[in-house]
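K.L.:
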Amino acid sequence: MLEARSILLAAAAGFASLVLGPAAGTAAPLGDAEAPIRIALNEWTGQNITAHVAGQLLEKLGYKVQYVTAGSFPQWIGMQDGSIDMTPELWTNNLGDIYPKMLEAKQVEPVGDLGLNARDGWAYTDATLAICPGLPDWKALLEPSCAAGLATAETLPNGRLVDYPADWGTASANEIEDFKLPLTAVPAGSEGALVAELQAAAAADKPLLMRFWAPHWLLTQVKLNWLDMPPCDPNDGARCILPSPVIKVVRAGFGEKWPAAYAFMKQYQLGAEDQQQMMLEIDQNKKEIGAVVGAWVEANSARWSPWIDEAKK
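Numbering (mature numbering (1 follows the signal peptide of the UniProt record, and there is no 0)), first residue to last: -27 to -1, 1 to 286.
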């Protein structure tokens, strides 16, 4: 009789643990570990790296993940209809119209800065300092000798600023106009054209002023200096170029569905130097992204293990 009673008590305790969940003080629950966490993949290599690092670490935490290809703006439709659960790298200078409305409606939630130390602005080679010695102060560009040293046959008497491709926007031309700089913005034909321009200038030790961004794989090979941009309204992206915070965003309800994943994403960080090295392997050495990210994860357990440990508390 006593043995039967003990079996019944043990069964009841087991059922209670299933219903009530883990006792206070134990690891944070995974939540719905059978449902995959769907991570947005946008249209540039760096963001894909950020997504795959997050995905591989979430798998180590005990989750399933899926990668969903979606552009910077279409991804918000996925967030709305539930086909995407998070975007781990959102540049706040390129938000579009949908995200602010979703944020106001509490359909999405930012979960912190990625720590990418991203840059977007005007940059110059070391050789440019010889003709514009006042750099990085933007007012050095007002000097006639600086403009003359940067001029080409197509821009005389103005100096040339190699700009982003025309379909990326005209903020550089607008800033030149607003601050009456003796420059002409000449759009590059593509990202590849920007890269070729910088490589050629660095190899020949020639002056060059251009709009560029970081992280980028090329910056593992070529040194660029960043101009202190003119003061402007940070809310007017069409006429103001400023470094942009890069944040992580999850869909509403993410924390309730996957508590440990939510805690992890608050901890998750990825620096520009790490991302640039992986970009180089993928874009230039043509290695597969999963293998490159896997090698980084294996080599950097001291970096990410505390995030996972903290997520389990």
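Note that the Cβ used here is the ideal one computed from N, Cα and C, for glycine as well.
Compare the beta carbon distance of Arg184 and Tyr137 with 8 angstroms and say whether it is the shorter of the two.
P.N.:
Yes, these two residues count as a Cβ contact at 8 angstroms.
K.L.:
Whose C-beta lies closer than 7 angstroms to the C-beta of Pro18 among residues of the same chain, with five residues either side of it excluded?
P.N.:
Note on identity: in this sequence residue 18 is Thr, with Pro being the wrong assignment. Only Met252, Ile255 and Asp256 meet the Cβ criterion.
K.L.:
Expressed to the nearest angstrom, what Euclidean distance is found between the alpha-carbon atoms of Gly28 and Ala268?
P.N.:
14 angstroms
K.L.:
Tell me, please, whether the region 134 to 152 touches the region 48 to 59 by the rule of three or more beta-carbon pairs shorter than 8 angstroms.
P.N.:
no
K.L.:
Three or more beta-carbon pairs under 8 angstroms between the region 156 to 165 and the region 132 to 147, yes or no?
P.N.:
These segments touch.
K.L.:
Where does Gln194 land, buried or exposed, given buried means 16+ other C-beta within 10 angstroms?
P.N.:
exposed
K.L.:
Check whether the Cβ atoms of Leu197 and Leu87 lie closer than 8 angstroms to each other.
P.N.:
no
K.L.:
So is the beta-carbon of Leu30 under 7 angstroms away from any non-hydrogen atom of the ligand SAM?
P.N.:
No copy of the ligand SAM appears in this structure; indeed no ligand is present at all.
K.L.:
With contact counted as at least three CB pairs below 8 angstroms, one residue from each stretch, are the region 224 to 240 and the region 80 to 95 in contact?
P.N.:
The region 224 to 240 vs the region 80 to 95: in contact.
K.L.:
If you drop the 5 nearest sequence neighbours on each side, which residues of the same chain put their C-beta closer than 7 angstroms to that of Arg92?
P.N.:
Trp186, Ala187, Trp199 and Pro216
K.L.:
Quick one: measure Cβ to Cβ for Ala236 and Leu89, integer angstroms, because I've assumed they're closer than 8 angstroms.
P.N.:
That pair is no contact at about 20 angstroms.
K.L.:
Evaluate Glu148 with the Cβ neighbour count: other Cβ atoms within 10 Å of its Cβ, from every protein chain shown; 16 or more gives buried, anything less gives exposed.
P.N.:
buried
K.L.:
Is it true that the CB of Ile262 sits closer than 8 angstroms to the CB of Asn21?
P.N.:
Contact flag set, yes.
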